[in-house]
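Residue numbers (this note's numbering), protein chains in the order written: chain A, 18 to 167; chain B, 3 to 407.
Every residue, glycine too, gets a C-beta built ideally from N, C-alpha and C.
Notes follow once the structure below has been shown.
Have a look at this one:
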């Protein structure tokens with residue numbers, strides 16, 4: 018019996034996150050450039066909700082991972098555990114990751130998601146870009162398990 | 003970069019159109035029609051997302067190209083999931099699939115949260131892809147699909163879908179169990195040397211491994227709860243000749259293993275059978291596995307990943323998870339020795355009857371099975387009853403698809 022359930026669930030979660038990141042990033046950049054993107058407004062709102070909901074859960078997992086490095090992460094599936102560990106490592110990799118998401122509490126990004134201030138939207142675009150790198154690196158393992166190697 | 007993206011999206015668009023065209027030419031039976039429509043709608047949705055990428059390329063600034071690149075890669079991955087895996091149950095469709103699809107539809111129809119969720123069937127080791135956004139696929143080895151004996155194992159896979167439907171509560175119950183196991187593993191005195199550090203690392207590995215193990219034990223419990231003894235027979239028969247791995251894994255392979263050692267799963271199934279008052283059957287099951295292990299000279303050892311002192315906590319966690327998921331529970335009639343009646347019996351009764359005939363009248367089993375399958379497939383009413391609910395569910399799940407572009 019195979020544990021494909023874990024790979025497909027993690028794959029779906031990463032795909033959903035990437036869809037939300039990309040939609041919101043494009044929408045925010047168009048707005049900052051003064052280009053009307055009304056047709057994507059509804060999707061962008063939904064993307065904010067998806068990201069905010071995920072970050073709320075993720076913050077708790079990352080907190081657990083940071084608090085006690087030798088203690089087990091419980092009630093969390095192994096792929097999300099891995100993403101949390103990658104996130105903690107990324108916070109120490111200041112050469113690659115220097116947006117507010119990796120230098121400030123995760124809840125700050127939730128604030129940025131809701132803010133309409135231009136400087137916050139600039140900061141949000143940076144957070145989204147770096148978060149995307151982390152998720153794109155993460156999805157590779159699941160995509161390989163599900164789709165195989167080309 | 004803009005030119006590369008334009009070219010790649012155009013190519014993707016063409017591939018999606020080719021697949022959609024192939025899907026439209028295939029005629030499937032009622033059992034697969036909702037799955038077919040779900041996949042077709044998903045491909046249409048991907049088509050729209052690629053068109054959005056092409057529109058974005060026309061209006062974008064250069065700093066948006068990275069976003070469109072990521073979005074193109076994401077849509078491509080999504081398409082490949084359908085192209086390589088999820089269209090399989092439609093393109094490889096065989097008349098024999100109807101047997102498994104009926105059993106799956108019956109399982110889904112018996113639970114309020116899975117009612118109407120359509121599923122496809124594919125060839126591979128027993129597995130399931132249980133998500134609420136993609137169509138559900140059950141995997142089964144080819145030969146197991148043609149008879150009745152191994153169909154009870156689908157109920158284990160159904161357990162994974164139940165877990166997803168109740169994920170938040172389930173994760174909480176698993177966390178409680180992991181915390182209890184962590185407490186049980188805590189040493190009486192704390193030292194601070196290399197040996198103690200290694201012991202702490204092992205405790206962490208054991209507790210984290212129990213996330214996946216608990217879900218597998220839960221799914222075994224779901225299988226047993228739905229189907230009773232036929233599940234135990236199918237599980238044991240299917241796995242007992244796998245080899246040494248079914249009885250023992252080295253310590254390093256146990257760390258973060260996705261499944262518990264099968265022998266341990268047998269122990270827990272026997273424990274559940276005893277709790278149902280089936281002591282003789284439980285003893286027989288364990289004796290068979292003990293005999294195989296003794297013949298191979300394998301000693302039972304889980305290297306601390308399981309200890310009998312965990313059992314009360316495991317039992318409680320599984321009971322609580324079962325209460326939360328609330329699957330169908332086999333009835334007295336389902337496990338009785340009475341003959342299966344196509345008009346009034348459940349599929350569980352049929353599967354228990356199959357094992358009874360197979361074990362007690364093996365020479366006549368093949369003929370009996372052939373007739374029983376034909377009678378079961380003639381009973382078409384429930385499929386039509388379920389179609390309306392399946393349609394509604396498929397539409398609802400597609401509406402949840404984050405086609406954000």
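Determine the chain B residues that contact residue 32 (chain A) at a beta-carbon separation under 7 angstroms, and present them in chain order. Numbered from 1 along the first chain, position 15 holds the residue referred to as residue 32 (chain A). Within chain B, the residues near residue 32 (chain A) are 76, 79, 80.
Please find out if some non-hydrogen atom of the ligand COA comes closer than 7 angstroms to the beta-carbon of residue 363 (chain B). For the ligand COA, the structure offers nothing, since it holds no ligand at all.
Between B:150, B:145, B:29, B:101, which lies nearest to residue 93 (chain B) when the distance is taken from Cα to Cα? Translated into the one-based positions of the second chain, residue 93 (chain B) becomes position 91. If we check each option's Cα against that of residue 93 (chain B), B:29 comes out closest.
Who are the near neighbours of residue 131 (chain A) in its chain, counting only those whose CB is closer than 8 angstroms to its CB and skipping five residues on each side? Translated into positions along the first chain, residue 131 (chain A) becomes position 114. 65, 69.
So which residues of chain A does residue 174 (chain B) contact, with C-beta pairs closer than 9 angstroms? On the second chain, position 172 is the one that residue 174 (chain B) refers to. Within 9 angstroms Cβ-Cβ: 92.
Taking residue 21 (chain B) and residue 89 (chain B) to be in contact with their CB atoms under 8 angstroms, please state how far apart those CB atoms are, rounded to whole angstroms. As a position in the second chain, residue 21 (chain B) is number 19, starting the count at 1. As a position in the second chain, residue 89 (chain B) is number 87, starting the count at 1. Sure, about 7 angstroms apart at Cβ, within 8 angstroms.
Grouping DSSP H, G and I as helix and E and B as strand, with all else coil, what is residue 146 (chain A)? Counting from 1 along the first chain, the entry for residue 146 (chain A) is found at position 129. Helix, per DSSP.
Comparing alpha-carbon positions, which option in B:141, B:69, B:47, B:175 lies nearest residue 321 (chain B)? Here the question's residue 321 (chain B) lines up with position 319 in the second chain. The candidate whose alpha carbon is nearest that of residue 321 (chain B) is B:175.
Is the distance from the Cβ of residue 96 (chain A) to the Cβ of residue 27 (chain A) below 8 angstroms? Sequence index remark: in the first chain, residue 96 (chain A) carries index 79 (1-based). Sequence index remark: in the first chain, residue 27 (chain A) carries index 10 (1-based). A contact, by the Cβ cut-off of 8 angstroms.
Spatial neighbours of residue 295 (chain B) within its chain, please: CB distance less than 6 angstroms, with the 5 preceding and 5 following residues excluded, ordered by chain position. Sequence index remark: in the second chain, residue 295 (chain B) carries index 293 (1-based). Once the five neighbours on either side are set aside, the close Cβ partners of residue 295 (chain B) are 249.
At a cut of 8 angstroms, does the region 139-151 of chain A reach the region 35-51 of chain A through at least three beta carbon pairs? yes
Which residues in the same chain as residue 112 (chain B) place their Cβ atom closer than 6 angstroms to its Cβ, once the five residues preceding and following it in sequence are excluded? By one-based count along the second chain, residue 112 (chain B) stands at place 110. Cβ within range, chain order: 330.
Please state whether DSSP places residue 59 (chain B) in a helix, a strand or coil. Position 57 of the second chain, counted from the first residue, corresponds to residue 59 (chain B). Here residue 59 (chain B) sits in helix by DSSP.
Measure the alpha-carbon distance for residue 64 (chain B) versus residue 118 (chain A) and round it to whole angstroms. Here residue 64 (chain B) corresponds to residue number 62 of the second chain, with the count starting at 1. Here residue 118 (chain A) corresponds to residue number 101 of the first chain, with the count starting at 1. Those two C-alpha atoms are separated by around 24 angstroms.
Fully enclosed by the region 20-90 of chain B, which alpha helix (DSSP H) runs are 4 residues long or longer? 32-61, 67-82
Is the Cβ of residue 95 (chain A) closer than 8 angstroms to any Cβ of chain B? For this step, residue 95 (chain A) is matched to residue 78 along the first chain. Yes, residue 95 (chain A) counts as interfacial toward chain B.
Selection of the region 130-144 of chain A by Cβ proximity to chain B, strictly under 8 angstroms: Those would be none; no residue qualifies.
Whether or not the region 219-226 of chain B and the region 156-173 of chain B are in contact is what I'm after, with contact meaning three or more pairs of Cβ atoms, one per stretch, closer than 8 angstroms; do they touch? yes
Could you tell me how far apart the beta carbons of residue 155 (chain B) and residue 371 (chain B) are, in whole angstroms, since I believe they sit closer than 8 angstroms? In the second chain, counting from the first residue as 1, residue 155 (chain B) sits at position 153. In the second chain, counting from the first residue as 1, residue 371 (chain B) sits at position 369. In fact, because the Cβ distance is near 16 angstroms, the residues do not count as touching under 8 angstroms.
Answer yes or no: do residue 2 (chain B) and residue 280 (chain B) have a C-beta to C-beta separation smaller than 8 angstroms? Residue 2 (chain B) lies beyond the range of chain B shown here (3 to 407); nothing can be said about it.
Return helix, strand or coil for residue 38 (chain A), following the three-state DSSP convention. Here residue 38 (chain A) corresponds to residue number 21 of the first chain, with the count starting at 1. Looking at residue 38 (chain A) - three-state DSSP - the assignment turns out to be helix.
Quick check: is the beta carbon of residue 223 (chain B) nearer than 8 angstroms to any beta carbon in chain A? Here residue 223 (chain B) corresponds to residue number 221 of the second chain, with the count starting at 1. Cβ-Cβ to chain A under 8 angstroms: no for residue 223 (chain B).
Verify the CB distance criterion: does residue 77 (chain A) have a CB-CB separation below 8 angstroms to chain B? Indexing the first chain from 1 puts residue 77 (chain A) at position 60. Output row for residue 77 (chain A): interface = no.
Could you check if residue 362 (chain B) is buried or exposed, using at least 16 other CB atoms within 10 Å of its CB as the buried criterion? For the purposes of this step, residue 362 (chain B) is taken as the residue at position 360 of the second chain. Looking at its Cβ environment, which holds fewer than 16 other Cβ atoms inside 10 Å, residue 362 (chain B) is exposed.
Residues of its chain near residue 48 (chain B), where Cβ-Cβ distance is below 7 angstroms and the 5 sequence neighbours each way are ignored: As a first step, residue 48 (chain B) is located in the second chain; it is residue number 46 there, counting from the start. For residue 48 (chain B), same chain residues with a beta-carbon under 7 angstroms away, outside a window of 5 residues either side, are 18, 77, 80, 81 in chain order.
What residues in the region 32-46 of chain A bring their beta carbon closer than 7 angstroms to a beta carbon of chain D? Included in the structure are the protein chains A and B, with no chain D among them.
Check whether residue 31 (chain A) and residue 156 (chain A) have beta carbons under 8 angstroms apart: The residue labelled residue 31 (chain A) in the question sits at position 14 within the first chain. The residue labelled residue 156 (chain A) in the question sits at position 139 within the first chain. In contact: residue 31 (chain A) and residue 156 (chain A) (Cβ atoms closer than 8 angstroms).
For residue 172 (chain B), I'd like the list of residues in its chain whose CB is within less than 7 angstroms of its CB, leaving aside the five on either flank, ordered along the chain. Working through the second chain from its first residue, we reach residue 172 (chain B) at position 170. Correct list, in chain order: 165, 323, 326.
Helix, strand or coil at residue 299 (chain B) according to DSSP, with G and I counted as helix: For the purposes of this step, residue 299 (chain B) is identified with residue 297 of the second chain, where counting begins at 1. In the structure shown, residue 299 (chain B) falls within a coil segment according to DSSP collapsed to helix, strand and coil.
Name the DSSP bridge partner or partners of residue 140 (chain B)? For the purposes of this step, residue 140 (chain B) is taken as residue 138 along the second chain, with counting starting at 1. DSSP lists B:123, B:130 as partners of residue 140 (chain B).
Opening and closing residue of the alpha helix (DSSP H) in which residue 203 (chain B) lies: Your numbering for residue 203 (chain B) matches position 201 in the second chain. First-last of the alpha helix (DSSP H) with residue 203 (chain B): 196-229.
Return the residues of the region 128-143 of chain B that lie within a Cβ-Cβ distance of less than 8 angstroms from chain A, sorted by chain order. 128, 129, 130, 131, 132, 133, 135, 136, 141
Using the C-alpha atoms, what's the distance from residue 332 (chain B) back to residue 2 (chain B)? Examination of residue 2 (chain B) is not possible in this model, given that chain B is present from 3 through 407 alone.
What are the boundary residues of the alpha helix (DSSP H) that residue 66 (chain A) is part of? By 1-based counting over the first chain, the position of residue 66 (chain A) is 49. That run of the alpha helix (DSSP H) goes 58-84.
Beta carbon of residue 50 (chain A) nearer than 8 angstroms to that of residue 79 (chain A): Counted from its first residue, the first chain places residue 50 (chain A) at position 33. Counted from its first residue, the first chain places residue 79 (chain A) at position 62. Result no, Cβ atoms of residue 50 (chain A) and residue 79 (chain A) do not sit closer than 8 angstroms.
For residue 299 (chain B), the nearest candidate out of B:312, B:245, B:8, B:32 (CA to CA): Counting from 1 along the second chain, the entry for residue 299 (chain B) is found at position 297. Of B:312, B:245, B:8, B:32, the residue nearest in Cα terms is B:245.
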